[in-house]
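Chemist:
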Amino acid sequence: MTIDKIDIPGLLSRMPLFSALSPEDLTHMAAATRERRVQKGDRLFQRGDQPKGFFLVVWGQVKLAFTSAQGNEKVVEILGPLQSFGEAVMFLDQPYPVLGEALADTLVLHIGASAVFEQIEQDPRFARKLLAGMSIRLHSMVRDVESYALRSSTQRVIGYLLQLAETAPCIAQGERKVDLPTSKQVIASRLSLTPETLSRIFHELSDAGLISVQGKHIIIHDAAKLAEHD
């Protein structure tokens, strides 16, 4: 099967991080960028690997996770199109503290560290965009820690569903159809739950008439009532 080569400069120009770069700077950045096409289950990097840049997801989905010696896994982040990752360890010049694995067939761009550092030196706006992106990620992780510490298992699941519902289509009066972005096992790990607990909560919310579960498709019948439930 022939795989078409992508237009890396054109693709970078449509990414928010690179949208303000001049054509010359885009060409320079593209020269330090490599595309990687990975299949579901493939590893982009292992914990302990040394970073040589950072990644941008073009399409597909990537999880960042810890694994224990016993094989248990804790998913810390799920990333989709137009999201970046690996910037912090690139700046620290420290090994990856997590593994990166494709949850679906995925295309990522790997931007080399040297080109990033050169661009930062000559363009403060680029540096601010990188800092803004990392700050948003940090804020999100702080919210996650707060959620795990202060919210019940049911509240965590409801919060996750309501977050997905913000961009989900409205299919009837007050109803929204949510498509789970990945497997229930991965979602459970992301929410610090066991798969059995997640399934139990879905059943309880379904029995209460708040949602209907159809595989990876979930109908939220009334978002306001769901938000009030615990």
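Position in the sequence shown (from 1) plus 1219 gives the number in the numbering used here.
The beta carbon of each residue, even a glycine, is placed where N, CA and C say it ideally should be.
Since the model is a prediction, treat every value here as computed from it, not as a measurement.
#1: Please report the distance separating the alpha-carbon of threonine 1416 from that of valine 1327.
#2: Is aspartate 1441 helix, strand or coil by DSSP?
#3: In whole angstroms, give me the CA-to-CA distance for alanine 1251 and histidine 1329.
#4: Could you name the residues of the same chain whose beta carbon sits closer than 7 Å to that of lysine 1293, not counting the 5 residues immediately before and after it, in chain order?
#5: List the endpoints of the continuous beta strand (DSSP E) containing glutamate 1296.
#6: Under DSSP, the alpha helix (DSSP H) around glutamine 1374 begins and ends at which residues?
#7: Identify the residues that DSSP records as bridge partners of threonine 1325: which are they?
#8: Taking the straight line between their C-alpha atoms, what separation do you get for threonine 1246 and glutamate 1340?
#9: When you compare only the Cα positions, how much space is there between glutamate 1394 and arginine 1233?
#10: Put serine 1266 into one of helix, strand or coil per three-state DSSP.
#11: Which residue marks the beginning of the beta strand (DSSP E) containing phenylalanine 1310, and which one marks its end?
#12: Take aspartate 1268 and list the residues in its own chain whose beta-carbon comes closer than 7 Å to its own, dropping the five residues that flank it on each side.
#13: Can you give the beta carbon distance from lysine 1403 to proline 1414, rounded, assuming they're within the 8 Å contact cut?
#14: What does DSSP give as the partner residue(s) for threonine 1252 in the beta ladder?
#15: Measure from the alpha carbon of lysine 1259 to the alpha carbon of each residue in Leu1240, Gln1280, Glu1243 and Ala1239, then state which is nearest.
#16: Who pairs with alanine 1391 in a beta bridge, going by DSSP?
Modeler: Judging by the given coordinates:
#1: Within the sequence shown, the letter at position 197 stands for residue 1416. Within the sequence shown, the letter at position 108 stands for residue 1327. Distance between threonine 1416 and valine 1327, taken at the CA atoms: about 33 Å.
#2: For the purposes of this step, residue 1441 is identified with residue 222 of the sequence shown, where counting begins at 1. The answer is coil: DSSP assigns aspartate 1441 none of H, G, I, E or B.
#3: Here the question's residue 1251 lines up with position 32 in the sequence shown. Here the question's residue 1329 lines up with position 110 in the sequence shown. CA-CA distance, alanine 1251 to histidine 1329, rounds to 8 Å.
#4: The residue labelled residue 1293 in the question sits at position 74 within the sequence shown. Within the same chain, lysine 1293 has close Cβ partners Ala1284, Phe1285 and Ser1408.
#5: On the sequence shown, residue 1296 is found 77 positions in, with the first residue counted as 1. Its beta strand (DSSP E) spans residues 1292-1298.
#6: To locate residue 1374, count along the sequence shown from 1; it is residue 155. 1372-1384 is the span of the alpha helix (DSSP H), which, as asked, contains glutamine 1374.
#7: Within the sequence shown, the letter at position 106 stands for residue 1325. Threonine 1325 is bridged to Val1257.
#8: Taking the sequence shown and counting its residues from 1, one reaches residue 1246 at position 27. Taking the sequence shown and counting its residues from 1, one reaches residue 1340 at position 121. Their backbone Cα atoms lie some 17 Å apart in a straight line.
#9: Mapped onto the sequence shown, residue 1394 falls at position 175. Mapped onto the sequence shown, residue 1233 falls at position 14. When rounded, the distance between both Cα atoms is 33 Å.
#10: In the sequence shown, the residue the question calls residue 1266 occupies position 47. The sequence given here has arginine at residue 1266, not serine. DSSP places arginine 1266 in coil when its eight states are reduced to three.
#11: Looking up residue 1310 in the sequence shown gives position 91. For phenylalanine 1310, there is no enclosing beta strand (DSSP E); the residue is part of the alpha helix (DSSP H) that begins and ends at 1306-1311.
#12: Position 49 of the sequence shown holds residue 1268. Only Pro1314 and Tyr1315 meet the Cβ criterion.
#13: As a position in the sequence shown, residue 1403 is number 184, starting the count at 1. As a position in the sequence shown, residue 1414 is number 195, starting the count at 1. About 6 Å; that satisfies the 8 Å criterion.
#14: For the purposes of this step, residue 1252 is taken as the residue at position 33 of the sequence shown. The partner list for threonine 1252 (beta bridge, DSSP) reads Ile1330.
#15: Taking the sequence shown and counting its residues from 1, one reaches residue 1259 at position 40. With distances taken between CA atoms, lysine 1259 lies nearest to Gln1280 out of Leu1240, Gln1280, Glu1243 and Ala1239.
#16: By one-based count along the sequence shown, residue 1391 stands at place 172. Looking at the DSSP assignment, alanine 1391 forms a beta bridge with Glu1394.
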